[in-house]
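Q:
Numbering (mature numbering (1 follows the signal peptide of the UniProt record, and there is no 0)), first residue to last: -18 to -1, 1 to 366.
Rendered as structure tokens:
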């Protein structure tokens, strides 16, 4: 028989070994919001029950839940400022699948020089296509998940509205990126789907920084609106960054629920399979080409690209006045071009699954792109 002291040591050792290990916190490249985390719950876990227990732990602390992503949510989890004992509670919870630091991404695009100017007639491939723009996109909604939209701009003819703002920012586009991309998708002069409506979903600051939790919230908003109104819809995201499981999950869930997505491949001249949400297989991931159909020097590439589109010196609507324009370059500019094509096609042929529309996009594209690395498509998106 063990002496009492030895028995006590054995009992304590057994209890220690039974304690659940702390769940690691995944931190991606780049800065993160201080003490802010995204928590993914395991499948089958009751979010309401978990949140109730969490709120009990939070009482009397300086922690808080920022987003719960309720309703027909795209992400089974939540985000918040989580510190000390509250974070410890979450890290030891058997309800939790993973935890991510709330990474901040930065929009990446540039102004264009005069010699790079690309005529917007490149938007479509024929005179018939140009004429079709006059009625294209009617009955379809595009969600611009970006820096917001200057909704009063004449390019939108009253078809732009404000949907939601996340991150505590002002409900206005103080950057111009979101207005420019919106103009390429649906603008009367520079867009493709000139009769589609567009909804501003602001997830980035006026300086172009975008927190992961705000991006997920924007995706969730667009998806909830789509499920509520049943209108054929396209979400366009001219943003991205290092790999993020949480953003990939939100986008993938929205696509599986019927919401079409166009995603920028990125502007680092690297394989896009290393970036989110460009690497989401079900999304339409877009690379940028110049007016000669050559790969833009900055554009990401790789097997995850679905098609290429014009992204060098693109003229579109901008902030500052109701008639302001700017020329910008980037996969950010190529992405809404394809969003406009998808909106136009949905208007013409009705709602189809994202997989079906993506297949049609590639089937009708032109194999004309040069300079694409091995293993990357040479298909340029065209209107059909």
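For every residue, glycine included, the Cβ atom is placed at its ideal position computed from N, Cα and C.
Evaluate the contact criterion for the region 167 to 174 versus the region 219 to 235: three or more CB pairs, one atom per stretch, below 8 Å.
A: No: the two stretches stay apart, fewer than three of their Cβ pairs being nearer than 8 Å.
Q: Go ahead and label residue 295 buried or exposed: buried means 16 or more other beta carbons lie within 10 angstroms of its beta carbon, across all protein chains shown.
A: The residue you call residue 295 lines up with position 313 of the chain shown. Residue 295 is buried by the Cβ-count criterion.
Q: May I ask you to report which of helix, strand or coil DSSP gives residue 282?
A: As a working mapping, residue 282 is identified with position 300 in the chain shown. It is coil, neither helix nor strand.
Q: Which residues mark the beginning and the end of the beta strand (DSSP E) in which residue 71 is found?
A: Stepping through the chain shown from its first residue, residue 71 is reached at position 89. Counting along the chain, residue 71 falls outside any beta strand (DSSP E), though it belongs to the alpha helix (DSSP H) covering 66 to 73.
Q: Given residue 363, which residues of its chain have a CB within under 8 Å of its CB, disregarding the five upstream and five downstream residues?
A: If you number the chain shown from 1, residue 363 lands on position 381. Cβ within range, chain order: 268, 289, 290, 291, 319, 320, 323, 343, 347.
Q: Would residue 82 pass as a contact of residue 23 if the rule is Cβ separation under 8 Å?
A: In the chain shown, residue 82 corresponds to position 100, counting from 1. In the chain shown, residue 23 corresponds to position 41, counting from 1. Result no, Cβ atoms of residue 82 and residue 23 do not sit closer than 8 Å.
Q: Taking one C-beta from the region 175 to 195 and one from the region 305 to 313 each time, how about it: are there three or more such pairs within less than 8 Å?
A: The region 175 to 195 vs the region 305 to 313: no contact.
Q: Check for me: the beta strand (DSSP E) holding residue 372 runs from which residue to which?
A: Because the chain here runs from -18 to 366, residue 372 falls outside it and cannot be looked at.
Q: May I ask you to list the residues that DSSP assigns as paired with residue 329?
A: As a working note, residue 329 is residue 347 in the chain shown. DSSP output for residue 329 lists no bridge partner at all.
Q: Leaving aside the five residues before and after residue 85 along the sequence, list all residues of the same chain whose C-beta is less than 6 Å from its C-beta, in chain order.
A: Locating residue 85 in the chain shown gives position 103, counting from the first residue. Hits under 6 Å: 10, 12, 14, 194.
Q: Let me check understanding here. Comparing Cα to Cα, which of 156, 271, 87, 126 lies closest to residue 303?
A: Taking the chain shown and counting its residues from 1, the one referred to as residue 303 is at position 321. Closest option to residue 303, Cα to Cα, is 156.
Q: Roughly how many angstroms separate the alpha carbons of residue 192 and residue 353, rounded to a whole number?
A: Locating residue 192 in the chain shown gives position 210, counting from the first residue. Locating residue 353 in the chain shown gives position 371, counting from the first residue. Going by the C-alpha atoms only, they are around 31 Å apart.
Q: What does the Cβ neighbour count give for residue 355, buried or exposed, with the cut at 16 atoms within 10 Å?
A: As a working note, residue 355 is residue 373 in the chain shown. Per the 10 Å Cβ criterion, exposed.
Q: With a threshold of 16 other CB atoms inside 10 Å of the CB of residue 6, please say whether the residue is buried or exposed.
A: What you label residue 6 is simply residue 24 of the chain shown in a count that begins at 1. Counting Cβ neighbours within 10 Å, residue 6 comes out exposed, since fewer than 16 surround it.
Q: Identify every residue that forms a DSSP beta bridge with residue 243.
A: Here residue 243 refers to the residue found at position 261 when the chain shown is read from its first residue. Paired residue(s): 217.
Q: I need the straight-line Cα distance from residue 107 to residue 366, nearest angstrom please.
A: Reading the chain shown from its first residue, position 125 is the one you call residue 107. Reading the chain shown from its first residue, position 384 is the one you call residue 366. With a pLDDT of 44 at residue 107, under the threshold of 50, the modelled position of this residue cannot be trusted; read the value that follows with caution. Their Cα atoms are separated by approximately 9 Å.
Q: When burial is assigned at 16 or more other CB atoms within 10 Å of the CB, is residue 331 buried or exposed?
A: Along the chain shown, read from residue 1 onward, the residue named residue 331 stands at position 349. With fewer than 16 Cβ atoms within 10 Å of its Cβ, residue 331 is classed as exposed.
Q: So what does DSSP say about residue 168, is it helix, strand or coil?
A: Translated into the one-based positions of the chain shown, residue 168 becomes position 186. The answer is helix: DSSP assigns residue 168 an H, G or I state.
Q: Which value, in whole angstroms, describes the spacing of the CA atoms of residue 266 and residue 50?
A: As a first step, residue 266 must be located in the chain shown, where it is residue number 284. As a first step, residue 50 must be located in the chain shown, where it is residue number 68. Roughly 27 Å between the two C-alpha positions.
Q: Is residue 368 near residue 125, with beta carbons less than 8 Å apart?
A: No information on residue 368 is available, as it lies outside the stretch -18 to 366 that the chain covers here.
Q: Closest to residue 147 by CA distance: which of 167, 123, 120, 200 is it?
A: The sequence position of residue 147 within the chain shown is 165, counting from 1. The shortest C-alpha separation from residue 147 is found at 200.
Q: Rounded C-beta distance between residue 221 and residue 246? I'm assuming under 8 Å.
A: The residue given as residue 221 occupies position 239 in the chain shown. The residue given as residue 246 occupies position 264 in the chain shown. Indeed they touch by this definition, with Cβ atoms about 7 Å apart.
Q: Have a look at residue 297 and residue 176 and give me their C-alpha separation to the nearest angstrom.
A: Here residue 297 refers to the residue found at position 315 of the chain shown. Here residue 176 refers to the residue found at position 194 of the chain shown. If you take the alpha carbons of residue 297 and residue 176, they lie about 15 Å apart.
Q: Cutting at 7 Å between CB atoms, please list the residues of its own chain near residue 256, excluding the five before and the five after it.
A: The sequence position of residue 256 within the chain shown is 274, counting from 1. So the qualifying residues of the chain are 225.
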